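J.: I am attaching a structure below and will ask some questions about it afterwards.
Numbering (this note's numbering), first residue to last: -6 to 70.
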């Protein structure tokens, strides 16, 4: 019976440690600010990666690497 749970008296005296059981002041606003910052940074990274993919795809299409025109020019030339 060397279980650690038996070392804590039950019921735990929450009344003696009331400040431990409460969230800090402004905690909700801090959490909301973190969530907004997370959403904004996620949208920024998503839009940047989509812009890079679109730019690279447009460049590949422009020079004919995706539709096979480069291979046709090599075979003809």
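Virtual Cβ for every residue (Gly too), placed ideally from N, Cα, C.
Please read these numbers as outputs of a predicted model, since none were measured by experiment.
(1) Would the beta-carbon of residue 59 fall within 9 Å of that of residue 50?
(2) Could you check where the alpha helix (DSSP H) with residue 24 kicks off and where it finishes?
(3) Rounding to the nearest angstrom, what Cα-Cα distance links residue 55 and residue 39 in this structure?
T.: Looking at the coordinates:
(1) Residue 59 sits at position 66 when you count from the first residue of the chain shown. Residue 50 sits at position 57 when you count from the first residue of the chain shown. Between residue 59 and residue 50, the gap from beta carbon to beta carbon is short of 9 Å.
(2) The sequence position of residue 24 within the chain shown is 31, counting from 1. Start and end: 20 to 55.
(3) Start at 1 with the first residue of the chain shown, and residue 55 comes out as number 62. Start at 1 with the first residue of the chain shown, and residue 39 comes out as number 46. If you take the alpha carbons of residue 55 and residue 39, they lie about 24 Å apart.
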